[in-house]
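Numbering (this note's numbering), first residue to last: 30 to 550.
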């Protein structure tokens with residue numbers, strides 16, 4: 030399968046080169062990786078929030094440095110998988126696992142993240158659904174796929190990067206649309222794949238996570254044709270599974286390091302939570318569910334709530350003994366070792382940070398296995414139970430002691446307001462007939478593209494063209510509203526944090542100069 034795939038793609042690459050569009054490296058999958066790395070959408074990730082807005086200090090990861098590290102981990106996993114003859118034979122039967130493909134997918138997996146990261150994603154999704162009636166709203170993974178197939182222009186065709194089918198399929202972390210694809214939809218399965226459930230704030234609106242909008246489904250079908258009959262319609266390819274796992278591992282380790290480095294992750298609070306759970310595990314397990322409602326003021330209860338959620342959602346792997354060992358390991362290596370000494374920038378502190386990262390990276394990558402028949406909620410490439418539980422506990426520390434802080438929530442509420450105001454201002458400009466000729470050229474092009482796509486959908490597959498409340502959409506005015514909404518969202522999602530702020534200042538008259546280096550129209 031891999032040889033056949035390579036032969037087809039290499040032939041296409043040679044045809045492109047003969048036509049005058051050549052790349053640095055002859056391998057078709059390295060070409061994919063290089064095109065993503067050369068994309069302005071990739072470069073902009075240096076100015077996009079990972080957890081908090083990049084400050085320029087270099088102390089916190091942004092989406093660019095995160096993506097680079099995901100690429101590093103993904104390549105290590107892929108090389109480990111293919112080095113094992115038994116695992117290699119299995120993944121070849123499932124469609125292949127090429128290190129260049131997984132690295133390319135890892136570098137491209139966050140291209141669609143908007144300004145201010147997940148916060149911006151939530152705001153744009155609400156606006157897309159409620160203001161413009163876009164049933165599939167906005168989703169960062171779907172936006173990444175849209176960029177590499179449609180809105181980027183760095184390939185030999187006018188739209189997209191013209192990546193190989195293998196790399197496009199590997200970017201599909203959630204290989205379904207919000208509502209329409211595949212049929213039957215994953216949200217109707219007895220056991221839901223991870224991400225296929227409804228978002229908590231929008232019941233009845235389809236999957237919370239998905240990797241393609243209805244305008245881009247033809248590319249999904251074409252890119253996954255090579256694995257038809259090898260993996261289920263709702264399953265990731267092996268290469269997507271590697272990318273997804275690498276993302277989880279990088280997130281679990283590096284975000285914790287960031288907030289230790291700047292003094293946000295405090296030893297006492299984390300030690301108390303983990304220590305109290307370990308000391309009172311039986312008593313906490315016996316508490317009624319309602320007693321866990323006030324989790325934050327009583328140490329140990331947040332961790333107990335996590336243990337119960339794991340059993341409810343991931344009963345295929347959740348194990349109380351493995352969970353307790355994972356808490357004890359994180360307590361020993363994170364709390365008693367790394368966090369016990371405040372980070373002061375010294376050589377000793379930097380070495381402790383590097384040793385923590387290297388030790389955990391080696392342990393987690395070493396826990397990778399290939400499962401020929403994985404449970405619905407995981408991929409063909411997954412972690413052994415011990416490492417899987419450790420990742421959950423590491424992620425818990427980050428969520429509980431960083432993301433749930435009130436001061437971060439205060440900051441994010443202001444950013445949410447900024448995104449909403451920017452969409453309002455751009456939409457007003459877009460609908461002002463007197464200013465149509467002075468519309469930013471990029472926004473104009475995005476409107477034209479979206480209008481063509483939605484017009485084509487209305488003509489060819491009208492059953493896919495539904496509004497946010499499920500009603501059938503028809504007529505030029507309705508198509509124009511959908512196209513306008515998708516274009517504005519595409520435009521805002523392509524900005525960095527700083528560009529979004531500067532553009533809002535400019536469009537609302539708060540900037541005295543007409544020219545700015547912070548954004549390009």
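The C-beta atom is built at its ideal place from N, Cα and C for all residues, glycine as well.
From residue i to residue j, what distance separates their C-alpha atoms?
i           : j           : result
residue 221 : residue 406 : 7 Å
residue 329 : residue 300 : 10 Å
residue 500 : residue 115 : 50 Å
residue 159 : residue 469 : 25 Å
residue 317 : residue 172 : 41 Å
residue 524 : residue 167 : 15 Å
residue 266 : residue 410 : 9 Å
residue 71  : residue 308 : 46 Å
residue 85  : residue 445 : Note that residue 85 has pLDDT 49, beneath the 50 cutoff, so the model's placement of it is unreliable and the number below is only indicative. Using only the alpha carbons, I get a separation of about 21 Å.
residue 110 : residue 135 : 16 Å
residue 117 : residue 320 : 48 Å
residue 412 : residue 127 : 19 Å
residue 312 : residue 152 : 40 Å
residue 464 : residue 188 : 27 Å
residue 520 : residue 214 : 29 Å
residue 488 : residue 495 : 13 Å
residue 460 : residue 527 : 25 Å
residue 360 : residue 482 : 52 Å
residue 64  : residue 256 : 24 Å
residue 401 : residue 216 : 23 Å
residue 509 : residue 480 : 7 Å
residue 435 : residue 292 : 16 Å
residue 296 : residue 477 : 53 Å
Spell out the partners DSSP gives residue i in its beta bridges.
i           : result
residue 410 : 399
residue 220 : None, per the DSSP bridge assignment.
residue 241 : 206
residue 91  : 78
residue 260 : 257
residue 495 : 501
When you compare each of the options to residue i by their alpha carbons, which one comes out closest?
i           : options            : result
residue 531 : 144, 103, 474      : 144
residue 182 : 78, 96, 68, 114    : 68
residue 374 : 265, 466, 491, 289 : 289
residue 343 : 403, 116, 157      : 403
residue 415 : 423, 478, 351, 455 : 351
residue 498 : 164, 393, 219, 89  : 164
residue 149 : 458, 436, 451, 483 : 451
residue 387 : 314, 482, 281, 296 : 281
residue 438 : 95, 142, 147       : 147
residue 454 : 518, 235, 509, 441 : 518
residue 345 : 408, 302, 262, 298 : 408
residue 232 : 442, 219, 155, 102 : 155
residue 14  : 423, 142, 112, 516 : Since the first and last residues shown for the chain are 30 and 550, residue 14 lies out of range.
residue 195 : 212, 421, 169, 270 : 270
residue 533 : 456, 107, 138      : 456
At which residues does the alpha helix (DSSP H) containing residue i begin and terminate?
i           : result
residue 57  : 57 to 67
residue 114 : 114 to 123
residue 342 : 330 to 342
residue 373 : No alpha helix (DSSP H) contains residue 373, which DSSP labels as neither H nor E.
residue 180 : Here residue 180 belongs to no alpha helix (DSSP H), and DSSP marks it neither H nor E.
residue 161 : Here residue 161 belongs to no alpha helix (DSSP H), and DSSP marks it neither H nor E.
residue 468 : Taken as a continuous stretch (DSSP letters only), residue 468 belongs to no alpha helix (DSSP H), as it is neither H nor E.
residue 346 : Counting along the chain, residue 346 falls outside any alpha helix (DSSP H), and DSSP gives it neither H nor E.
residue 268 : 267 to 290
Skipping 5 residues on each side, what residues in its chain have a beta carbon closer than 7 Å to that of residue i?
i           : result
residue 245 : 174, 175, 178, 179
residue 427 : 284, 285
residue 59  : 129
residue 237 : 224, 226, 227, 228
residue 104 : 128, 131, 132
residue 294 : 285, 288, 368, 430, 431
residue 243 : 165, 206, 209, 486, 493
residue 66  : 136
Excluding five sequence neighbours on each side, which residues of the same chain lie with their C-beta closer than 6 Å to the C-beta of residue i?
i           : result
residue 378 : 372
residue 339 : 347
residue 18  : Given that the chain is displayed from residue 30 to residue 550, the structure contains no residue 18 and the question cannot be resolved.
residue 99  : 135, 275, 276, 279
residue 473 : none
residue 140 : 70, 173, 176
residue 418 : 351, 352, 355
residue 31  : In this predicted model, residue 31 has a pLDDT of only 47, less than 50, meaning its place in the structure is not dependable; the value taken from the coordinates is given anyway. Excluding positions up to five away in sequence, the list reads 121, 125.
residue 259 : 123, 124
residue 515 : 479
residue 169 : 141, 142, 150
residue 522 : 143, 172
Once you ignore the five residues that flank residue i on each side, which residues in its own chain have a CB closer than 8 Å to its CB?
i           : result
residue 425 : 331, 332, 335
Does any C-beta atom of chain C lie closer than 9 Å to the C-beta of residue i?
i           : result
residue 460 : Included in the structure is just one protein chain, with no chain C present.
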